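Numbers in this note's numbering are just positions in the sequence shown, counted from 1, shifted up by 340.
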Amino acid sequence: MNWKIIFQLSVFGLIMAFGTISLIPEQFEFVFWLVIFAFCGYVIARASRRRFFLHGFCISLVNSIWLTLVHILFYTSYAAHHPQVIKAVEALPMANHPRLLMVLMAPIYGCIFGLILGLFSFIASKIVKSKIAK
341 MNWKIIFQLS
351 VFGLIMAFGT
361 ISLIPEQFEF
371 VFWLVIFAFC
381 GYVIARASRR
391 RFFLHGFCIS
401 LVNSIWLTLV
411 HILFYTSYAA
421 HHPQVIKAVE
431 ALPMANHPRL
441 LMVLMAPIYG
451 CIFGLILGLF
461 SFIASKIVKS
471 KIAK
């Protein structure tokens, strides 16, 4: 596993964490994530020899940590700019404790998006040649 590349690419998750607080509209967030996932998949395919899927999966797990920490720290601003998310949370158990709910849901979202980024990375590995000799 190339932990250096995992950490470096997870910085995009940190940037998105701050961007989603108030800059990036909720309805366009997926476009940014698609671009990030495509770029990460390409970089993983170029910088790794094997375990492409696992690299992508681990990046999303680290991203979920960044996102959760930033969204918890800036919850008031995040909630003000994401009314649909807050409305959806109101229907869940523990709606009175949204920060705790974020912490509990982070690993689930990390795994779901890890599957997606892992798939992007795996597909990119079939298209792009690695810079590392096999």
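A virtual CB, placed ideally from N, CA and C, is assigned to each residue, including glycine. What you are looking at is a predicted structure, and each value in this text was computed from that prediction instead of being measured.
In angstroms, rounded to a whole number, what distance separates the CA positions of residue i and residue j?
i	j	result
ARG389	ALA357	29 Å
LEU432	PRO365	23 Å
VAL371	PHE347	22 Å
TRP406	LYS469	30 Å
TRP343	ALA387	11 Å
ILE448	PHE397	12 Å
ASN436	SER465	44 Å
LEU440	LYS471	42 Å
MET442	THR408	6 Å
ALA420	MET434	19 Å
LEU354	ILE467	28 Å
GLU369	THR360	7 Å
Quick one: grab the DSSP three-state call for residue i.
i	result
SER470	coil
PRO447	helix
ILE463	helix
LEU354	helix
Is residue i near the ligand FAD, in the sense that its beta carbon is under 6 Å from a heavy atom of that ligand?
i	result
LEU413	This structure lacks the ligand FAD; in fact it carries no ligand of any kind.
Exercise. Report yes or no: do the region 427 to 444 and the region 391 to 399 share at least 3 C-beta pairs separated by less than 8 Å?
Key: Verdict: no, contact absent.
Practice problem: Kindly provide the ranges of any alpha helix (DSSP H) runs that are 4 or more residues long and lie completely inside the region 384 to 442, ordered along the chain. | Solution: Listed in chain order, they are 392 to 413, 415 to 421, 423 to 429.
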